[in-house]
Structures are given as C-alpha cells and as structure tokens.
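As structure tokens, the structure follows; a few thoughts come after it.
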Amino acid sequence: MYPELGQFALILALLLAVLLSVVPLVGAITGRDNLQAFARPLATGQFVFIALAFALLTQAFLVDDFSVAYVANNSNSLLPWYYKFSAVWGGHEGSLLLWILMLAGWTLAVAVFSRRLPTVMVSQVLSVLGMVSVGFLLFIVLTSNPFDRLLPNVPADGADLNPLLQDFGLIVHPPMLYMGYVGFSVAFAFAIAALINGRLDAAWARWSRPWTTVAWSFLSVGIALGSWWAYYELGWGGWWFWDPVENASLLPWLAGTALMHSLAVTEKRGVFKSWTVLLAIVTFALSLLGTFLVRSGVLTSVHAFASDPTRGAFLLGLLAFTIVSSLTLYAFRAPVVHARSSYGGLSREIFLLLNNVLLVAATLLVLVGTLYPLVLDYLDMGRLSIGEPFFNLTFSPLAVAVGLLLGAGIFSRWKKTDGGWLARQLLWPAATSLVITAAALSYYGSFTPWAFAGLLSATWVTVATLRDLWLKSSSKKGRWHGLRRQSRSYYGMVLGHLGLALTMAGATVVSNYGVERDVRMAPGDTAEIGELRFYFAEIGSRQGANFTATYGRFEISSDGEPIATLFPEKRQYVVQRNMMTEAGIDAGLFRDLFVALGEEVSGDAWAVRLQYKPLIRWLWLGALFMAAGGFLAIADRRYRIRDKVAVSEPAAPSASNPAATAGTREVLS
Amino acid sequence: MRRVLLFIPVLLAVTLGIVLFAGIGKDPNKLESALIGKPVPEFVLADLHNPEVQLGPEVFRGQVSLLNVWGTWCPACRDEHGDLVWLAEQQGIRIVGLNYKDERELALQWLDRLGDPYQVSLYDPRGELGFDLGVYGAPETYVIDPDGIVRYRHVGVVNEKVWREDLEPVVLKFREDS
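Chains L and R supply the protein sequences, listed in that same order. Take 507 as the starting number for the first sequence in my numbering and just add one per residue. Take 1454 as the starting number for the second sequence in my numbering and just add one per residue.
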C-alpha cells in the first residue's frame, strides 16, 4: 500500500504545483493580496508531499519491497543498508524524484527566506518555480513513475544496484550536483519575475546573488565529487574524461561562474543588465540541457542510462518550452538602452566583462564539443571523433587567460583605473609568481610550455589575491584589526580565487608531471617509478557483502624506507556478474600513489597499472575552497541588513548608488 | 534595431532543439554505418608488429572476422580487452585489430601486457582507415564477412552480453553462408 500512497503524494504535489504556478501570479498581476498570500503555503505543501513520496520510495528500498519495479531493478537484499538508501537515486526514476525534491526544497527555501522581499516579487518567483515543478512532476508521473508495481509476479530478489554506484562518492555526488543544477532555477525565477514586471535593477541583482552563489557552491562540490569518484572508482586513475555527462555538469558551472561575476557588476554599478538576465536564463537552460543529455541517452557516455524515446521527447518538449518561452520573454522585455553610468577602459567593469567573455567562450566550446557528434549526424556530414585532445587544446588556453586576467582584475577599481598605477601594482606579483613558477618547474625537473603557463597563471592568481588582501588589511590599529575589518563576502572572494588557483595548479602538475606505468607483474616482482619501488608481495582473495574479491598486496618504498602498503582489488559482484577494479591509493597532499590490478595475463602474472600523481588532491581541495568561499560570501552581514532596507528601497534606490536609480528608469524604454 | 539582436538567443535555442530532437530515439551505440553491405574501404596500412609489412583489405578474405578499433588512449578499450582475449582464445573468433590514432610503442606494450587477441593488427596512426570507416570513437567493432563486406557495426564496449545478443548471430549467419 505504501507505494500507492507515494504515487498519490506525487499527484497531490502536482496539483499543488499547478496552483502555485497560477494563483500567486494572477494575484501579482491583478494586485490581489489574498491570492498572493497562497504562494508560501502552496510552496510548503508541495514540498511536504514530494518529501513524503521520496520517504516512501526510500522505505520501499529499505524493506526490500521488490514488488516495486524500480526497487527490483536497482536493489538487492544483499545490498548493505546505506547503498539501499543511495540506490533510491541510482536509476532514472529515483534520480528524477531527487531532482524534484531538490526543486521543492529550493522553492521552500525561497518562501522561508524572502520575508523581506516585496510580496509581488515573491509571488512571481514562487510561481515561476512552480511552473518548472509542474513540468518535471508531469514528466515523472506520466513517463517515469518510480512506484510502478510488478504484480502479480513479484521477483524473489532484486537485480542489484550497478556496482559502479556502490560507493560512498555516489551516495553524495548526485545530491550535491542536483542541488547545484536545481539551485540555478532560483536565479532563473528571479530573472523571469524581473522580466515580467519590468524591474531589472540593482535590487533584483542583489536578491539573486546569494541564491546563485549557493547553487554554484553546491555544483562545485558536486563536480569535484564526481571527478574524485571517477578517479578512484573507474580504476583508470583519470580525473576528467570530457565525457558528455561530465561536460553537462561543467556547462552550467561555467555559465554560473560568469553569472556570479556579472551579477556583482549589475548590483554594484547597475550595468550589464540585459547580459546578466540572459546569463541567468542560459545557466538554468544549461542545467536543464544537462538533465536532458543524461536522461535521454542521445549521447554515449560512461553513465550508461537506457535510451527511452518517449522520455527523451517529453524532456525535450519540456526543455524547449521552458527555454524558448523564457528567451522570447527576454527578447521582448530586456532593456536595450545603454546604462548611464560610464566606465573607462581599464575599469573593473571591463575586467569582469572580459571574464564573462572568456567564461562564455569556454561554455560555448564545451557545448560545441559535446554536441558536435549530434550536429554532424543531423547534417549527415559523416562522423568525426572529438575527444580529449580537442578539449585540452582549446580549454587550457582559456583557463590560463581567465587566471591571468583575474590577477590583474583584482587590483582594478570601478569606473576607472589608472594604467600606470595598475602596472606598478602588478609588478611585484608578476615577478614573485615568475620566481615561484620557475622554482616549481625546476623541482619537477622539466619545462613544458603548458606546465609553465598553467603554473604561472595559478601562482599569479594566488600572489595577486594575497597581495590585495595584504594591502586592504593594512590599518593604523594593526594588521589584525585590518583583517577583521574585511567583510565576509570579501573573504569569500579570496577563498574562491585561491580555490581556483589550487585547482589550476593541481590540474597542471598532475597532467604534466604525473607518471603512469603499465607493467606485467607476478607476486615477488618489483617495479619502479623514479625512486619509488613497488613490490608485489602477494595475491589473495576475500569475501565481501555482495562480492568476492581478488586482492594484491603491494609494498611501496622509497630509498629502502617503507611508505605504504596498498591492496588493489578486482571484485566480482555476485548478482550482476560484473568485474570491478578497486584501485589501491595512498593519498597525500603533495602526491598520490595509485595501484590498480588489471587482467590476469598468464600463470600468476597480472597486468598492473602504477601511477604517481603529484598534487592531484589540489584539484578537489580547490573546489572545496571555492564552495567554502561561496558559503562565506552569502553569510555576509550586508544581505541581512540591506534586505531590511530593501522593503522600502526598490522604488527609490539609495543615493549612493546612482546607477541603480538610472537602472529603474531605463527599464522598458 | 538593437531589439532584434535580443532574438538571437531564442533562435539559437530553437536550432539546437531541432538537432536534439533528431537525436532522440537513436541509440548512439547502434549507429548505422553507411558502409553496411559495402566492402571495407581500400587501404594500405603497416602491420603493427612489423612496420615493413604492408596490409590491405585482403586480410578479411576467406573467414568471418571482427574488426576492432582500439587505442591505448581509450579507457573503454581497456575494459573490453579481456573480453576480446576471451573471444579469440575461448571462442576461436578471428579478430583483426585496428590500432587507431595511437603510438606503436605504447600499443605493443599494451598487447604484450594484456594479451593479444588479434590475428592481424593494422597500425593506423593518422586515422586514415578510421576516417574512411566513419569511426565515431573507440572502441568500435565491425563484423566483416569472408568477402570483405561490412555486415554489422557496434559502437562501444564489447562484452559477453553484446557478443551473445548482437555480434554472435551475425557472425554465425555469415559463417554458415560461406
């Protein structure tokens, strides 16, 4: 009976979502407060019923209710309970349900944390979120019901969760990623609401900013978790494959990064409004596109999901409706008049504009690379394989350029920056980062142009960020006082930029100086990478909960000093009869040692992959820094203080911000 | 006039939508090759093991073969390699390897280490034959009949299931015919 209750809860949630998408909006347009007052209760109700459905599906997994088709396909009685829990989003239907739960959660969060916003704005934003929710609830109820039963022939046991997904990384990776994807729906809803009522002003930008930043932070963590998971679980030791599904998560991240910076300009200076609102729409559109690419199976990927034409067509329809209608709205309502505030050639506005240009270029590049096979196929122009070489060759220069620009941009001022002054500011950071880069290159022992460019860019960002912090924090009352005087959003920016530098340094070093050796080894053999000796001590076997494993014991030493003992495994999963490679990894801040057991070649010899991965942890550490920076930034006091002002402010923005005043006037001219 | 420019995004989105719509329902793992029913394109490629030996389409004559496109740069190829060895050694299937956009040294090391399922190995560092075949990405596996005609194309990893369900029926059919 519980699964039926779950389905019923979904249908109720759908009805509430329909009401949410209509009633408050009508209230906002006709100015009837009693209708607008429904917005928050409807958002809450929607969340409650979706959460109930999610809880009931989880319960079906935990009690092994194999009469539910989705449970039977994705679980097994032998599965440990925590994987039964994460198996809820291990397949198509459940991950959609998770998607919708996140959306309802974000909607609820907007309802709760918007007490200080004008009622009209809140009603419109919640209505737009309701519309998105209606689309996806319809999708799940009509094409992907997770509660479908297998009656009367209930299977005795389930087909088990894909072993690739039986892993800690996969418990947390999808929720984080979806929090990011779906979180951009809030920025989208604010943009649409602002277009509808024609108020694209500084206040709108300020309200959008924290939501965008939080979504972006979650997405950063989600992508990093995915990369980390691929590194240790797929067994090849790679951390990014330019796989369509990975690209699908990178696209909204790149666009979202551009959006965050563009929102800052719109809030502070009242310019770039059309551009910012377009970015808000595009960022969410790319999130939806990502969902479509993953869920429709139009592209081949390691994330093998079944292709189902009905689902693909429905999703595409949903995508098309959302994107085309919002872009059409944009085309008719976006302001086209130049903002009145002016800015000079070296102003911070220009630097942020260039940042946006580069990020959008990177987004387009990844988009084109990902969809290229589809486009060629459509045009019947034959097929070409596009792969890592294309992305590495084209993406890396953009990343380096973003870093170089960032270092200079940090010192720039709004409106106008004196060129000579800026050059003097940059002299020392440039010299310092050149020296550090040279030192790092000589430590790793070889020069390649890409290693040089990547490391220079990373150290340049670091040095410039720290120097800016140093200059800003100088105070007559001492350094400590100066440091404490800086706002949380400033520290958020510092952390975010340092995180970017960490990730860039990690990516550069591991790609250029990582060593990978594929060797044939039998127990008793030794292989070497530089000074590291890998001794294959023995081969053994063990029994896991739902698999049997063959493991090797590898003793690693350097100059006779033992460093680590690793136990790479080959696992045979009982139910799905899959072989999985579990790599043995000795993780460290400055290097990872990685041993993966390949095939048994002959007799007792094995194909073994040995890897030395310098600074690979920095990749993910950097993403954590970025996310921490994002969360720190939204904890800034000004959001709480200014929001109070915002209630009375929108019509007449403060005199200290003339651009915003200009902004409200020029809308819809 | 500037208003008109604002319509560019929506036009781009619509175009993209049409392309995506065309892609729905096509299983990307079952790309129809334009070559099915036609002979393998003409080629002259060096033997992977022996750079002096030049090979041509005659390597497919006389027996049903699988043509497997692989490279050491391709992680999925590593996944399927064990299954190819199994096919060659346990099932006695003749497999012709096309080492695609790769380096000879690396490829030989790989075969030495993981086992060599290929009766014939073609070395195609510039992807010439790959281009003529319309290779979409490695790994790909073609079934070639004894007359050198392409009969089936599989994009993606070959494993026991793919073999049983997709490739084996085709192989058996053309083995009987000959």
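Using N, Cα and C, we set each Cβ at its ideal position, and we do this for glycine too.
Presumed contact (8 Å Cβ cut-off) between residue i and residue j, rounded CB distance
{"i": "PHE1040 of chain L", "j": "LEU1127 of chain L", "result": "With a Cβ gap of about 26 Å, PHE1040 of chain L and LEU1127 of chain L do not count as contacting."}
{"i": "LEU1501 of chain R", "j": "ASN1552 of chain R", "result": "5 Å"}
{"i": "GLY743 of chain L", "j": "GLU1022 of chain L", "result": "7 Å"}
{"i": "TYR950 of chain L", "j": "VAL1015 of chain L", "result": "7 Å"}
{"i": "ALA1007 of chain L", "j": "VAL967 of chain L", "result": "4 Å"}
{"i": "ALA1591 of chain R", "j": "LEU833 of chain L", "result": "Not really, about 38 Å apart at Cβ, beyond 8 Å."}
{"i": "ILE1461 of chain R", "j": "PHE1513 of chain R", "result": "With 8 Å as the limit, ILE1461 of chain R and PHE1513 of chain R do not qualify as a contact, their Cβ atoms being about 50 Å apart."}
{"i": "VAL678 of chain L", "j": "LEU731 of chain L", "result": "6 Å"}
{"i": "LEU541 of chain L", "j": "VAL532 of chain L", "result": "6 Å"}
{"i": "LEU701 of chain L", "j": "GLY596 of chain L", "result": "Rounded, the Cβ-Cβ distance is 38 Å, inconsistent with contact."}
{"i": "THR828 of chain L", "j": "ILE916 of chain L", "result": "Not really, about 36 Å apart at Cβ, beyond 8 Å."}
For residue i, the three-state DSSP class (helix, strand or coil)
{"i": "TYR849 of chain L", "result": "coil"}
{"i": "VAL569 of chain L", "result": "coil"}
{"i": "VAL574 of chain L", "result": "strand"}
{"i": "GLY1135 of chain L", "result": "helix"}
{"i": "THR1056 of chain L", "result": "strand"}
{"i": "TYR1019 of chain L", "result": "helix"}
{"i": "TYR1571 of chain R", "result": "coil"}
{"i": "PRO773 of chain L", "result": "The residue asked about is misnamed: residue 773 of chain L is Glu in this sequence, not Pro. Of the three classes helix, strand and coil, the one that applies to GLU773 of chain L here is helix, per DSSP."}
{"i": "GLY1036 of chain L", "result": "coil"}
{"i": "HIS1502 of chain R", "result": "coil"}
{"i": "ARG712 of chain L", "result": "helix"}
{"i": "ILE1597 of chain R", "result": "strand"}
{"i": "LYS1491 of chain R", "result": "coil"}
{"i": "SER993 of chain L", "result": "coil"}
{"i": "VAL1151 of chain L", "result": "Bear in mind that a pLDDT of 44 at VAL1151 of chain L, under 50, signals an unreliable position, so the model cannot answer this."}
{"i": "PHE811 of chain L", "result": "At PHE811 of chain L the pLDDT is 45, less than 50, meaning the model places this residue with poor confidence; the figure from the coordinates comes in the next sentence. Reduced to three states, the DSSP call for PHE811 of chain L is coil."}
{"i": "VAL978 of chain L", "result": "Before going further, note that residue 978 of chain L is Lys rather than Val in the sequence given. Looking at LYS978 of chain L - three-state DSSP - the assignment turns out to be helix."}
{"i": "TRP1112 of chain L", "result": "strand"}
{"i": "ASP1092 of chain L", "result": "strand"}
{"i": "ASN1521 of chain R", "result": "strand"}
{"i": "ALA519 of chain L", "result": "helix"}
{"i": "ARG1606 of chain R", "result": "strand"}
Beta-carbon neighbours of residue i, restricted to chain R and to distances below 8 Å
{"i": "SER1104 of chain L", "result": "A small fix is needed here, since residue 1104 of chain L is Gly in this sequence, not Ser. ARG1531, ARG1566, LEU1567, listed in chain order."}
{"i": "ARG1026 of chain L", "result": "ASP1565, ARG1566"}
Within chain L, partners of residue i - CB distance below 7 Å
{"i": "GLY1535 of chain R", "result": "GLU1105"}
{"i": "PHE1460 of chain R", "result": "ALA837"}
Proximity test, Cβ basis, 8 Å: residue i and chain R
{"i": "LEU784 of chain L", "result": "yes"}
{"i": "LEU880 of chain L", "result": "yes"}
Heavy atom of the ligand MN within 7 Å of residue i beta-carbon
{"i": "ALA1591 of chain R", "result": "The ligand MN is not among the ligands present in this structure, which contains no ligands whatsoever."}
Minimum Cβ-Cβ distance from residue i to chain L less than 8 Å
{"i": "GLN1543 of chain R", "result": "no"}
{"i": "GLN1572 of chain R", "result": "no"}
{"i": "GLN1507 of chain R", "result": "no"}
Residue i: contacting residues in chain L (beta-carbon distance under 8 Å)
{"i": "PHE1627 of chain R", "result": "Going along chain L, no residue has its Cβ under 8 Å from PHE1627 of chain R, so there is no contact; the nearest lies around 25 Å."}
{"i": "GLN1562 of chain R", "result": "ASP1024"}
Margin query: Please identify, using Cβ separations under 7 Å, the residues of the stretch 1462-1478 of chain R that lie next to chain L, in order along the chain.
Written below: Within the stretch 1462-1478 of chain R, contact with chain L at the beta-carbon level (separation under 7 Å) is assigned to PRO1462, VAL1463, ALA1466, VAL1467, GLY1470, VAL1472, LEU1473, PHE1474, ALA1475, GLY1476, ILE1477, GLY1478.
- Task: Taking a Cβ distance cut-off of 7 Å, strictly less, list which residues of the stretch 820-849 of chain L are near chain R, in chain order.
- Result: Going along the stretch 820-849 of chain L in chain order, one finds LEU822, ALA826, ILE829, VAL830, LEU833, THR834, TYR836, ALA837, ALA840, VAL842 with a Cβ nearer than 7 Å to chain R.
Problem set entry | the stretch 1105-1117 of chain L: positions lying closer than 7 Å to chain R by Cβ | Listed in sequence order: GLU1105, VAL1107, ALA1113.
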